[in-house]
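Remarks on the structure that follows.
Here's what the structure looks like:
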């Protein structure tokens with residue numbers, strides 16, 4: 001396949017770009033596929049003050065630095081959307097919206113997350129006509145107008161304060177009792193002191209009003225149950241994020257009910273050679289710095305997986321000698337004893353076979369591929385094709401007999 005790579009990274013945010021830097025530096029042929037502008041949602045952040053080494057920088061500028069770094073290592077970039085995958089074989093297959101097909105030995109999923117929708121009446125219909133999810137992108141369109149912000153977390157309050165630079169007034173709809181916000185204390189103090197910001201407590205938004213453009217919102221008080229209407233020209237929703245993993249629905253990748261991907265400390269998913277990094281995985285902290293760390297870990301793990309895969313193909317599947325593929329348990333005395341016995345028998349046969357040992361504790365997927373459930377087990381291969389399976393017991397003559405037949 002012409003579109004064959006060692007490593008494909010799905011997503012061009014901080015996790016994906018960091019993974020591509022590590023992949024490129026490891027001399028892996030690396031491709032990053034991203035459906036939008038490289039950098040993802042970080043591009044919409046106007047000010048970052050907590051990324052090490054940068055006292056203050058915009059998200060767009062930081063992501064440009066990430067991409068430039070990756071380009072130093074010949075990483076390739078593609079603006080396209082992944083719509084389906086096939087991870088069932090050794091070569092992972094990726095299909096894109098533009099009708100292209102790509103393959104890779106390893107894949108890192110770093111597609112991040114996107115704003116969560118409330119799906120209330122008027123929200124989707126008026127999206128782009130007064131309904132917005134990014135203050136940096138859209139605040140300037142509301143110069144001198146009244147704006148409603150839904151949410152009280154860090155993003156909602158900080159973006160709300162940014163909107164006050166343009167809007168006449170910003171009204172924040174808050175679920176909690178008066179004075180309680182979900183954001184950090186510093187942002188809360190600044191928001192309460194901002195003369196352009198007002199708060200509606202113990203409330204939620206029921207509907208976005210308007211025909212062709214936003215004209216107002218219907219607000220419900222959670223304590224009294226009463227509803228009121230508030231005139232405005234814009235509504236910004238900041239009510240959390242959801243992972244952008246819908247395209248993985250039929251992939252075999254394990255996900256929780258929200259769509260987040262569980263991984264281990266190596267960023268490995270439940271499928272061999274497939275990793276997840278950044279905001280689309282289950283994790284405690286969703287920040288640029290933690291996403292970058294995920295990307296680095298995933299890429300190093302993928303590099304080692306590819307090295308092992310290449311070595312297995314070379315030493316086992318392409319071996320001129322017949323191969324005794326031994327699955328053993330390094331913590332089991334009897335399994336280790338059998339391993340030693342197999343080596344001795346092969347020496348007695350003048351090294352007729354190549355013995356390749358596989359520790360089942362670290363190569364669970366390989367064992368699964370061969371249908372091995374317990375140690376010790378031996379598969380006899382000839383040029384990669386299975387010939388037979390041995391009966392494994394601590395009986396030298398029996399073992400020799402099986403190998404002589």
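Residue numbers (the UniProt record's numbering): 1 to 405.
In this text, a Cβ means the ideal position worked out from N, Cα and C, and glycines have one as well.
Between which residues of its own chain and residue 166 is the CB-CB distance below 7 Å, once the five residues before and five after are set aside?
Stepping through the chain shown from its first residue, residue 166 is reached at position 166. Closer than 7 Å at Cβ, skipping near neighbours: 139, 140, 142 and 143.
DSSP state of residue 161, grouped into three classes?
Along the chain shown, read from residue 1 onward, the residue named residue 161 stands at position 161. In this structure, residue 161 counts as helix in the three-state DSSP scheme.
Ordered along the chain, which non-local residues of its own chain (more than five positions away) have a Cβ less than 6 Å from that of residue 365?
Sequence index remark: in the chain shown, residue 365 carries index 365 (1-based). Closer than 6 Å at Cβ, skipping near neighbours: 272.
Among residues of its own chain, excluding the 5 on either side of residue 70, which ones have a beta-carbon nearer than 7 Å to its beta-carbon?
Within the chain shown, residue 70 is the residue found at index 70, counting from 1. Cβ neighbours of residue 70 beyond the five flanking positions: 17, 20, 21 and 24.
Could you pull out every residue in the same chain whose Cβ sits closer than 6 Å to the Cβ of residue 327, ignoring the five residues on either side in sequence?
Stepping through the chain shown from its first residue, residue 327 is reached at position 327. Contacts found: 358, 360, 367, 372, 375 and 377.
Where in the region 139-213 do unbroken runs of the alpha helix (DSSP H), each at least 4 residues long, occur, reported from the N-terminal end onward?
154-163 and 185-193
When the Cα atoms are used, what is the spatial distance from residue 38 to residue 257?
On the chain shown, residue 38 is found 38 positions in, with the first residue counted as 1. On the chain shown, residue 257 is found 257 positions in, with the first residue counted as 1. Rounded to the nearest angstrom, the two C-alpha atoms are 28 Å apart.
If distances are taken between C-alpha atoms only, which option among 91, 134, 78 and 116 comes closest to residue 100?
Taking the first residue of the chain shown as 1, we reach residue 100 at position 100. Of 91, 134, 78 and 116, the residue nearest in Cα terms is 78.
For residue 400, which residues in the same chain have their Cβ closer than 8 Å to its Cβ, ignoring the five residues on either side in sequence?
By 1-based counting over the chain shown, the position of residue 400 is 400. Closer than 8 Å at Cβ, skipping near neighbours: 345, 348 and 349.
Using the Cα positions of residue 274 and residue 317, report the straight-line distance between them to the nearest angstrom.
If you number the chain shown from 1, residue 274 lands on position 274. If you number the chain shown from 1, residue 317 lands on position 317. About 22 Å.
Tell me whether residue 31 is buried or exposed, calling it buried when 16 or more other Cβ atoms sit within 10 Å of its Cβ.
Here residue 31 refers to the residue found at position 31 when the chain shown is read from its first residue. Flag for residue 31 reads buried.
To the nearest whole angstrom, what separates the beta carbons of residue 92 and residue 103, a pair I think is in contact under 8 Å?
Residue numbering aside, residue 92 sits at position 92 when the chain shown is read from its first letter. Residue numbering aside, residue 103 sits at position 103 when the chain shown is read from its first letter. About 6 Å separates the two Cβ atoms, so the contact holds.
Option in 4, 2, 5 and 9 with minimal Cα separation from residue 295
Position 295 of the chain shown holds residue 295. With distances taken between Cα atoms, residue 295 lies closest to 9.
Excluding five sequence neighbours on each side, which residues of the same chain lie with their C-beta closer than 6 Å to the C-beta of residue 215?
Within the chain shown, numbered from 1, the residue matching residue 215 stands at position 215. If we look at residue 215 and ignore the five residues flanking it on each side, its Cβ neighbours are 209.
Unbroken beta strand (DSSP E) run spanning residue 276, endpoints
Numbered from 1 along the chain shown, position 276 holds the residue referred to as residue 276. Counting along the chain, the beta strand (DSSP E) containing residue 276 begins and ends at 274-276.
For residue 320, count the other beta carbons within 10 Å of its own beta carbon; 16 or more makes it buried, fewer makes it exposed. Which is it?
What you label residue 320 is simply residue 320 of the chain shown in a count that begins at 1. It is exposed - the Cβ of residue 320 has fewer than 16 other Cβ atoms within 10 Å.
According to DSSP, residue 218 sits in a beta bridge with which residue or residues?
Residue mapping note: residue 218 aligns to position 218 of the chain shown, counting from 1. Answer is 207 and 229, bridged to residue 218.
Just grab the DSSP bridge partners of residue 102 for me.
Numbered from 1 along the chain shown, position 102 holds the residue referred to as residue 102. 94, per the DSSP bridge assignment.
Runs of alpha helix (DSSP H) lying entirely within the region 35-74, each at least 4 residues, in chain order
59-71
Out of 394, 302 and 286, which has the shortest C-alpha to C-alpha gap to residue 339?
To locate residue 339, count along the chain shown from 1; it is residue 339. Closest by alpha carbon: 394.
Would you kindly report the start and end of the unbroken alpha helix (DSSP H) that includes residue 297?
The residue you call residue 297 lines up with position 297 of the chain shown. 288-312 is the extent of the alpha helix (DSSP H) around residue 297.
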